[in-house]
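Per our numbering, residue 17 is the first one in the sequence shown, and the count goes up by one each step. Glycine included, C-beta positions come from ideal geometry on N, C-alpha and C. Report on one structure; see the data block that follows.
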Amino acid sequence: MSIMIRLKRIGTHKRPFYTIVAVDSRKKRDGRVLEILGHYDPHASRESITFFQEKIKAWMKKGALISPTVKSLLKIHKEKE
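Dropping the structure here:
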């Protein structure tokens with residue numbers, strides 16, 4: 017089973033909100049998740065990105081891959097700090 021850290025879309029029509037999740041790479045985008053690792057709101061006054069860095073590092077140690085979108089969000093978050 018290969019694990020992927022990617023976005024899961026929640027929210028309503030024309031008002032997306034995403035959670036950053038660890039999921040089996042063979043599952044659907046909005047399927048069952050293994051663990052919630054953070055949140056991303058693209059429509060907040062400032063793009064709101066919150067995530068649990070310790071949990072992400074733990075999943076990466078277990079061999080989880082990070083999707084390109086999540087990788088860019090993490091990079092943006094580091095630059096803001």
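- Spatial neighbours of Val49 in its own chain (CB-CB distance under 7 Å, excluding positions within 5 residues in sequence) are listed in chain order as Lys24, Val37, Ala38, Val39.
- Arg45 and His59 have their C-alpha atoms spaced approximately 20 Å apart.
- In terms of Cβ geometry, Ser41 and Ser18 form a close pair [threshold 7 Å].
- Within the same chain, and ignoring the five residues on either side of Gly47 in sequence, no residue has its Cβ closer than 6 Å to its Cβ.
- In its chain, beyond the 5 residues on either side, Ile65, Phe67 have a beta carbon closer than 8 Å to the beta carbon of His93.
- Looking at the DSSP output, Asp40 sits in a beta bridge with Ile19.
- Here DSSP, grouped into helix, strand and coil, assigns His93 to helix.
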